[in-house]
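These notes are about the structure you will find just below.
Set out below in structure tokens:
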């Protein structure tokens, strides 16, 4: 019986925080005072819950090959803690769980910093959710990180590569070894209709880093890097490249003018 009670508590069915609300009002709407509940939804239909950048959580991920195949994933979070005991309850800032999207499809949840991705996966996105299953968001984009899975350990944090083997950035560009001058970071994005691939996430950078954005879209548009007033003209089906040195700290959006899509966010520290 004790094992059964523990299992129920893990999935949030025992002693969880609840919110009572009027008939016709959803649980997500009832907790909307914590952050701003946006009309936008993610691929799974979860509403986005907006927080100021200074209050929002952050997440980084590292994936290391498992000896029996697949990947062992480790998360590093800031301003956030995992709360399996209150899953399904009210949305409180700094609390919740993570969801794993493998090659664009949600495959599971994490209630702690470690998880596993089976063999055959190519892209992993880790997204932070509140206890009421809404998605924590900043500037209209989910709080998440994306990395490519390959033959070597991969990390979404460019400042923490694996000790022995070079990893890869979120765009899959090989990281130079210590003996090779760092040419900067390249992020490759593809826009098809209203879909951005890989999904919008935060790119962690240090002041003075060199960043190259390589964007391909299926229609004519213009990419704008806010805060730096840099623009990139897109022609249908033709890759376009913009390189800049990030010399200002803060959170900056990269979006398209015509379609109004957020492509990514630059977090410069």
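Residue numbers (my numbering): -8 to 260. Even for Gly, the Cβ is constructed at its ideal location relative to N, Cα and C. Bear in mind the structure is a predicted one, so any value in this text is a computation, not a measurement.
(request) Evaluate contact between the stretch 84 to 91 and the stretch 53 to 62, counting only Cβ atoms and requiring at least three cross-stretch pairs below 8 Å. (result) No, the stretch 84 to 91 does not touch the stretch 53 to 62.
(request) Answer yes if the stretch 228 to 240 comes into contact with the stretch 100 to 112, meaning at least three C-beta pairs across the two stretches below 8 Å, and no otherwise. (result) The stretch 100 to 112 vs the stretch 228 to 240: no contact.
(message) Please report the straight-line C-alpha distance between residue 220 and residue 213, rounded to a whole angstrom.
(response) Near 12 Å, if we compare the C-alpha coordinates of residue 213 and residue 220.
(request) List the whole-angstrom C-beta distance separating residue 181 from residue 207, where the pair is believed to meet the contact cut-off of C-beta under 8 Å. (result) Confirmed, Cβ separation roughly 5 Å.
(message) Looking only at its chain, what residues have a beta carbon closer than 8 Å to the beta carbon of residue 198, apart from the 5 residues adjacent to it on each side?
(response) These residues qualify, in order along the chain: 237, 238, 239, 240, 259, 260.
(request) List the endpoints of the continuous beta strand (DSSP E) containing residue 206. (result) In this chain, the beta strand (DSSP E) harbouring residue 206 covers 201 to 208.
(request) Determine which residues share a DSSP beta bridge with residue 124 and list them. (result) Checking the DSSP bridge columns, you'll see residue 124 has no partner listed.
(request) Return helix, strand or coil for residue 77, following the three-state DSSP convention. (result) Three-state result, residue 77: helix.
(message) Our contact map puts residue 116 next to residue 140 with C-beta atoms below 8 Å; I'd like the distance itself, whole angstroms only.
(response) Not a contact, Cβ separation roughly 11 Å.
(message) Looking at the strands, I want to know which residues DSSP matches up with residue 233.
(response) Beta-bridge partners assigned by DSSP to residue 233: 204.
(message) I need the straight-line Cα distance from residue 247 to residue 58, nearest angstrom please.
(response) About 42 Å.
(message) If I follow the unbroken beta strand (DSSP E) through residue 25, where does it start and stop?
(response) Note, residue 25: premise wrong, no beta strand (DSSP E); not H, not E.
(request) Check the C-beta distance from residue 229 over to residue 209 and give it rounded, since I have them as a contact under 8 Å. (result) Approximately 10 Å separates the beta-carbon atoms of residue 229 and residue 209; this is outside 8 Å, ruling out the contact.
(request) Could you please give me the residues that DSSP links to residue 34 through a beta bridge? (result) According to DSSP, residue pairing for residue 34 in a beta bridge does not occur.
(request) Could you tell me the boundaries of the beta strand (DSSP E) in which residue 188 lies? (result) In this chain, the beta strand (DSSP E) harbouring residue 188 covers 186 to 188.
(request) Could you tell me which residues DSSP puts in a beta bridge with residue 41? (result) In the DSSP assignment, residue 41 is bridged to 27, 128.
(request) Would you tell me roughly how many angstroms separate the C-alpha atoms of residue 75 and residue 227, rounded to the nearest one? (result) Answer to the nearest angstrom: the Cα atoms are 45 Å apart.
(message) I'd like to check one pair, residue 125 with residue 193: are the Cβ atoms closer than 8 Å?
(response) Against a cut-off of 8 Å, the Cβ pair of residue 125 and residue 193 comes out as no contact.
(message) residue 49 and residue 178 - do their beta-carbons sit closer together than 8 Å?
(response) Cβ atoms of residue 178 and residue 49: not closer than 8 Å.
(message) Can you tell me whether residue 258 is helix, strand or coil according to DSSP?
(response) Looking at residue 258 - three-state DSSP - the assignment turns out to be strand.
(request) Please report the residue range of the beta strand (DSSP E) in which residue 193 lies. (result) Counting along the chain, residue 193 sits inside the beta strand (DSSP E) bounded by residues 193 to 196.
(message) Is the beta carbon of residue 119 closer than 8 Å to that of residue 52?
(response) Not closer than 8 Å, so no.
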